[in-house]
Amino acid sequence: MPRYLLYFAHELIDFRLAELFSLAEMFGFRESMTIERKPDQDPFLLCTFSNVDHLKLYSSRSVLLKSAYEYWTHEPSLIDVVDKLILNSDLRPKLNETWRILVHAFRRQFTQSDKIQRIDAFSDRLNIKNKFCLNNKADCTVGLFESYEEGRLEQPKEVFVGRWVCDGARHLIDKYDVRKRYFIGNTTMDATLSFVMANMAQCQPNHIALDPFCGTG
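Counting in this note's numbering, the sequence shown runs from 5 upward without gaps.
1. Which class does Val-56 belong to by DSSP, given the choice of helix, strand or coil?
2. Going by C-alpha distance, which of Thr-145, Glu-150, Ser-93 is nearest Gln-113?
3. So who's on the other strand from Gly-147, going by DSSP bridges?
4. Is Val-163 closer than 8 Å to Leu-130 when the C-beta atoms are compared?
5. Mapping DSSP to helix, strand and coil, what is Lys-42?
6. With a threshold of 8 Å, are at least 3 pairs of Cβ atoms found where one atom belongs to the segment 135-147 and the other to the segment 164-183?
7. From the DSSP output, in three-state form, read off Asp-87 for me.
8. For Leu-106 versus Ser-66, is the C-beta distance shorter than 8 Å?
9. Okay, do the segment 194-201 and the segment 6-26 touch, 3+ Cβ pairs below 8 Å being the bar?
10. Assuming contact is defined by CB atoms lying nearer than 8 Å, are Tyr-62 and Leu-24 in contact in what I supplied?
11. Pick helix, strand or coil for Phe-48, following the three-state DSSP scheme.
12. Can you name, in chain order, every residue of its own chain whose Cβ lies under 6 Å from the Cβ of Pro-97, other than the five neighbours on each side?
13. Below 8 Å between beta carbons: does that hold for Arg-111 and Tyr-73?
14. Exposed or buried, what is Arg-20 when buried is set at 16 or more other beta-carbons lying within 10 Å of its beta-carbon?
15. Mapping the DSSP letters down to three states, classify Asp-118 as helix, strand or coil.
16. Return helix, strand or coil for Glu-29, following the three-state DSSP convention.
17. Let me check one thing: in DSSP terms, what residues is His-78 bridge-paired to?
18. Name the two residues that bound the continuous alpha helix (DSSP H) containing Leu-176.
19. Between the Cα of Leu-99 and those of Ile-123, Arg-174, Phe-136, spot the shortest distance and give me the residue it belongs to.
This is how it looks when you write it as structure tokens:
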């Protein structure tokens, strides 16, 4: 089955899998998905979905998921990643595609210079001649992620790369931010936690929620 890299927000860590499993059960594909690499403190999870539509259903509701990528590979360094991709011409932008690359780091802050250095190293070694696109209208968006160990920022622990598929529903957090509400009461709840609770309860349109704390929350 196709493998995907899930990139999570670094919050409510203990609820990542619970939200994923609840939504998978709600949408009816829990039995057909598998977890290959569980996240510990880092925000990366490798899993399989039998159908990309299942992944998109999950992402349409998940507020802990930042984005999901078609998994290409992960290695100890960027050089190792590129060497792996060189061996498989399918793991790169197609010849007629515009492309861009998003560079992220966990436990380390990248400067713009750091990002450009990695983009150049990636595209030069793979000899990518495609037109580079600076906005989100690129035909192919590549995600490059470096994960570091606490206090050891010289070399990454792991480097992941993949092709963007979809984003999570984190835009809802901003839309329903407590600070934007007209009325706040004693039981008003943080938007992120509210959505996680709704997802774990598998709430859907036309469902009735029996919650003793319903009110201003």
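Just so you know, even glycine gets a beta-carbon here, dropped at the ideal spot from N, CA and C.
With the given structure in hand:
1. Within the sequence shown, residue 56 is the residue found at index 52, counting from 1. Here Val-56 sits in helix by DSSP.
2. Taking the sequence shown and counting its residues from 1, one reaches residue 113 at position 109. Per the Cα distances, Glu-150.
3. Your numbering for residue 147 matches position 143 in the sequence shown. Answer is Leu-106, Gly-166.
4. Working through the sequence shown from its first residue, we reach residue 130 at position 126. Working through the sequence shown from its first residue, we reach residue 163 at position 159. Not in contact: Leu-130 and Val-163 (Cβ atoms no closer than 8 Å).
5. Within the sequence shown, residue 42 is the residue found at index 38, counting from 1. If DSSP states are grouped into helix, strand and coil, Lys-42 belongs with coil.
6. yes
7. Within the sequence shown, residue 87 is the residue found at index 83, counting from 1. In the structure shown, Asp-87 sits in a helix (DSSP, three-state: H, G or I).
8. By 1-based counting over the sequence shown, the position of residue 106 is 102. By 1-based counting over the sequence shown, the position of residue 66 is 62. Not in contact: Leu-106 and Ser-66 (Cβ atoms no closer than 8 Å).
9. yes
10. Counting from 1 along the sequence shown, the entry for residue 62 is found at position 58. Counting from 1 along the sequence shown, the entry for residue 24 is found at position 20. Yes.
11. Here residue 48 is taken as the residue at index 44 of the sequence shown, counted from 1. Collapsing the DSSP output to three states places Phe-48 in a strand.
12. Counted from its first residue, the sequence shown places residue 97 at position 93. Here the set comprises Trp-103, Asn-134, Cys-144.
13. Against the sequence shown, residue 111 aligns to sequence position 107. Against the sequence shown, residue 73 aligns to sequence position 69. No; because the gap between Cβ atoms is not below 8 Å, this pair is not in contact.
14. What you label residue 20 is simply residue 16 of the sequence shown in a count that begins at 1. Its Cβ being crowded by 16 or more others within 10 Å, Arg-20 is buried.
15. Locating residue 118 in the sequence shown gives position 114, where the first residue counts as 1. Helix at Asp-118.
16. The residue given as residue 29 occupies position 25 in the sequence shown. Glu-29: helix per DSSP, three-state reduction.
17. Your numbering for residue 78 matches position 74 in the sequence shown. His-78 is bridged to Phe-164.
18. As a position in the sequence shown, residue 176 is number 172, starting the count at 1. First-last of the alpha helix (DSSP H) with Leu-176: 175-179.
19. Stepping through the sequence shown from its first residue, residue 99 is reached at position 95. For the residues Ile-123, Arg-174, Phe-136, the minimum Cα distance to Leu-99 belongs to Phe-136.
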